[in-house]
Amino acid sequence: MCVNSCVAFVGPFLELDACPECDEPRFNVHHQTHTNKHIPRVVFHTIPIGPQLQALWRHPESTEKMCYRVKKMQEVFDQLLKNDGLVDSYDDIFCSSAYINRVVDGTIQLEDMLLMISIDGAQLFKSKESDCWIYIWVILELLPDHRYKKKHILPGVIIPGPKKPKFIESFLFLGLHHFSALQCEGLTIWDSGCRREFISRLFLFLACADGPGLLTMSSLVGHQGKVGCCMQCPLKGCQKPGTSQYYPVLLKPNNYDVSGCTHADINVYSINSSM
Numbered sequence: 002m003c004v005n006s007c008v009a010f011v012g013p014f015l016e017l018d019a020c021p022e023c024d025e026p027r028f029n030v031h032h033q034t035h036t037n038k039h040i041p042r043v044v045f046h047t048i049p050i051g052p053q054l055q056a057l058w059r060h061p062e063s064t065e066k067m068c069y070r071v072k073k074m075q076e077v078f079d080q081l082l083k084n085d086g087l088v089d090s091y092d093d094i095f096c097s098s099a100y101i102n103r104v105v106d107g108t109i110q111l112e113d114m115l116l117m118i119s120i121d122g123a124q125l126f127k128s129k130e131s132d133c134w135i136y137i138w139v140i141l142e143l144l145p146d147h148r149y150k151k152k153h154i155l156p157g158v159i160i161p162g163p164k165k166p167k168f169i170e171s172f173l174f175l176g177l178h179h180f181s182a183l184q185c186e187g188l189t190i191w192d193s194g195c196r197r198e199f200i201s202r203l204f205l206f207l208a209c210a211d212g213p214g215l216l217t218m219s220s221l222v223g224h225q226g227k228v229g230c231c232m233q234c235p236l237k238g239c240q241k242p243g244t245s246q247y248y249p250v251l252l253k254p255n256n257y258d259v260s261g262c263t264h265a266d267i268n269v270y271s272i273n274s275s276m
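Encoded structure:
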């Protein structure tokens, strides 16, 4: 990866010898000159999800925990039949219409595994700049009381800092390419509880992050951009003079004359896609 965390040298960047963003060399120049070996200056770590899930099914105790979704699904469908399409309590994501509809239309099968991906940056030391970025997998097959505990969280990637990744897609590429292959071809699982082998296909049910993380994953401009929403409404912000930030104010500031931001006051009830 780039020493400034711009890109990972995978996919379309695989054959490059320098970062396309900052032009820093990819390999250690000293080793390349004296030993003719291509030693990366910095590396990041991808932990494939497939082998981690296979390991969970190899122990009877964890195998029993991985059967929660199927049991909950049967419980929910029994309630739907009994209560004329309603459930007794909406206490898990498996009570949602988004999930139920995918089960009914056959998109999600009994032996599939549902996962959630979450990405965020972390400052490792309080007294020094040392940011790193990670994404994790949350196994939705587990009980809600278990799935968010540290022992059940599976690591996906670790991107060293201290700078924020600029092309996050390149760092996600290896892990998500692996995930996509398992979706298409299936993952062979040995069920130690029932002593049987089956093929499971992974289903990405949720992709989560905080505000900065969502911007990184989606490549959108964010709330400080001129059109901060981008997807839900076309409200244009006003730029603070002398800065690059925009603010989604509805009323035009007094004595304000910034090029491209001199639109009139906006009635919040009139905001629509045709603005």
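In our numbering, the protein residues as written are 2 to 276.
Virtual Cβ for every residue (Gly too), placed ideally from N, Cα, C.
query	result
Can you check DSSP and say which residues form a bridge with N158?	The sequence given here has Val at residue 158, not Asn. V158 pairs with T47 and Y136.
Write down the C-beta distance between L155 and W138 rounded to the nearest angstrom, noting that I regard them as a contact closer than 8 Å.	4 Å
For a test of the three-state rule: what should DSSP assign to S275, helix, strand or coil?	For S275, the pLDDT reaches just 48, beneath the cut-off of 50, and the residue's location in the model is therefore unreliable, although a value from the coordinates is still provided. If DSSP states are grouped into helix, strand and coil, S275 belongs with coil.
Could you tell me the alpha carbon to alpha carbon distance between N102 and P235, rounded to whole angstroms?	31 Å
What residue does the alpha helix (DSSP H) around T34 start on, and which one ends it?	V30 to H35
For E65, report the span of its alpha helix (DSSP H) as first-last.	P61 to K66
Identify which residue in K227, G162, L111 and Q75 has its Cα closest to the Cα of T244.	K227
If you follow the beta strand (DSSP E) that Q184 is in, where does it begin and where does it stop?	Where Q184 is concerned, there is no enclosing beta strand (DSSP E), although the alpha helix (DSSP H) it sits in stretches over I169 to E186.
Among the candidates E65, T47 and H264, whose CA atom is the shortest distance from the CA of H147?	E65
With DSSP collapsed to three states, give me the class of D18.	coil
What is the DSSP secondary structure of P26, counted as helix, strand or coil?	strand
Give a yes or no on whether the C-beta atoms belonging to L183 and R202 are separated by under 8 Å.	yes
According to DSSP, Q286 sits in a beta bridge with which residue or residues?	Missing from the structure shown is residue 286; the chain here goes from 2 to 276 and no further.
Could you have a look at T217 and say whether DSSP puts it in helix, strand or coil?	helix
Find out if the Cβ-Cβ distance for the pair V30, M2 is shorter than 8 Å.	no
With C-beta atoms as the reference, is S219 less than 8 Å away from R59?	no
I need the straight-line Cα distance from Q33 to E186, nearest angstrom please.	39 Å
Is it buried or exposed for P166, if we count other Cβ within 10 angstroms and need 16 for buried?	buried
Quick one: using the 10 Å Cβ neighbour count with 16 as the cut-off for buried, is C195 buried or exposed?	exposed
Please confirm if the region 205-215 is in contact with the region 107-125, defined as three or more CB-CB distances below 8 Å between the two stretches.	yes
Expressed to the nearest angstrom, what Euclidean distance is found between the alpha-carbon atoms of G162 and Y136?	14 Å
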